[in-house]
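*Asks:* Positions 4 to 102 (this note's numbering) are the ones given, in order, by the sequence shown.
Think of the CB as a built atom: it goes at the ideal place given N, C-alpha and C, for glycine as much as any other residue.
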Amino acid sequence: MKVIFSERAELEAEELDTWWRENRPAAPDMFVDELDRLVELLKVPGVKLGTKRQTASGRIVYCIVMEKSGHYIYLQRDSETQVTIVCLWAGRQEHEPEL
């Protein structure tokens, strides 16, 4: 399966990676390594996309919690062969992202 990042998700990934490197010196690569592993897993045909959710606008997205960093990845299925990561979200925030 092809995995692409929305423009928003690319920016959020860069911001989270920068924050992680500056604030977690004992494991500066942990976030990006975990994200890379998740992207590779999403490429496997038939893999579960996470917890299905419906946004206020009716959009169907899936949410995956990154086990080590605690961040959330929101994605949508574009077709049988492609998913888009639409948003990355810090798990410690009190509310969910606007999607």
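1. Return the CA-CA distance between F8 and Q79, expressed in angstroms with no decimal places.
2. Which of helix, strand or coil does DSSP assign to D32?
3. Given this structure, state the Cα-to-Cα distance separating A59 from D36, to the nearest angstrom.
4. Taking a contact to mean a Cβ-Cβ separation below 8 Å, would you say R11 touches V89 in this structure?
5. Less than 8 Å between the C-beta atoms of I67 and L91, yes or no?
6. Thinking C-alpha only, which one of A93, T84, E99 is nearest M4?
7. Classify T21 as helix, strand or coil using the three-state DSSP reduction.
*Replies:* Straight from the coordinates:
1. 10 Å
2. coil
3. 32 Å
4. yes
5. no
6. T84
7. helix
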